[in-house]
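Residue 72 in this note's numbering sits at position 72 of the first sequence; the count goes up by one each step and never skips. Here a beta-carbon is modelled for each residue, glycine too, at the ideal position from N, C-alpha and C. Inspection log for the structure reproduced underneath, given as structure tokens.
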Amino acid sequence: MYMKDYFEPKEDFFEKVFAVVALIPFGRVTTYGAIAEYLGAKKSARVVGYAMNASHALPNKIPAHRVVNRNGLLTGKMHFSYPTQMEELLQIEGIKVENNQIIDFKNKLWLPIEEL
DNA sequence: AATGTGACATACC
DNA sequence: TGGTATGCCACAT
1 MYMKDYFEPK
11 EDFFEKVFAV
21 VALIPFGRVT
31 TYGAIAEYLG
41 AKKSARVVGY
51 AMNASHALPN
61 KIPAHRVVNR
71 NGLLTGKMHF
81 SYPTQMEELL
91 QIEGIKVENN
101 QIIDFKNKLW
111 LPIEEL
């Protein structure tokens, strides 16, 4: 390992985020903060959202709809091709949404830091 | 190189 | 309780 890596733990942070998101199981969801924490950058939750934004331009798409904020709120719905798409994708997976809020969020939550 | 930008999270009224 | 303020930092420009 180069010293550079030691002092600069980031390196393709987006790529790491994409990799984790790709592992979220069907019918489960996780949060921006959980992903950031798993990557050892607990304070970079915002950047995870920023990465999701960029994920739409990705050639190989990832399940960005399975990432919500820590309250189970669909804060990113505006960034899909149309506003209700995120909710629709979740409903397809058996996740109920009401007023942008995931029902039974606690039981749908999947934490990479615990399950990987 | 410097500055601006949030799909967040927390802390404090 | 809800609403504002504030710290945060990888990336874009």
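Beta bridge counterpart(s) of residue i as assigned by DSSP
i: V190; result: The requested residue 190 is not part of the displayed model; the chain covers only 1 to 116.
i: L109; result: V29
i: L73; result: Q101
Residue i in three-state terms, based on DSSP
i: L90; result: helix
i: E118; result: What the structure shows of the chain is the stretch from 1 to 116, and residue 118 is not part of that stretch, so it cannot be assessed.
i: S44; result: helix
i: F18; result: helix
i: E114; result: helix
i: E37; result: helix
Reference residue i, options the options, closest by Cα
i: V97; options: G49, L39, G27, H56; result: G27
i: N69; options: A22, V29, I113; result: V29
i: A36; options: V20, P25, I24; result: V20
i: E133; options: A34, K16, M86; result: In the structure as shown, the chain begins at 1 and stops at 116. Residue 133 is therefore absent and cannot be evaluated.
i: A22; options: Y38, I62, S81; result: I62
Between the CA atoms of residue j and residue i - distance to the nearest angstrom
i: F18; j: V48; result: 9 Å
i: D12; j: G40; result: 14 Å
i: I103; j: N71; result: 11 Å
i: V67; j: N99; result: 16 Å
i: P25; j: S44; result: 23 Å
i: K106; j: Q91; result: 16 Å
i: L116; j: P83; result: 31 Å
i: T75; j: A64; result: 12 Å
Neighbour-count burial assignment, residue i, 16 or more Cβ in a 10 Å radius
i: K137; result: Lying before the first or after the last residue shown, residue 137 is absent from the chain, which here runs from 1 to 116.
i: M52; result: buried
i: A57; result: exposed
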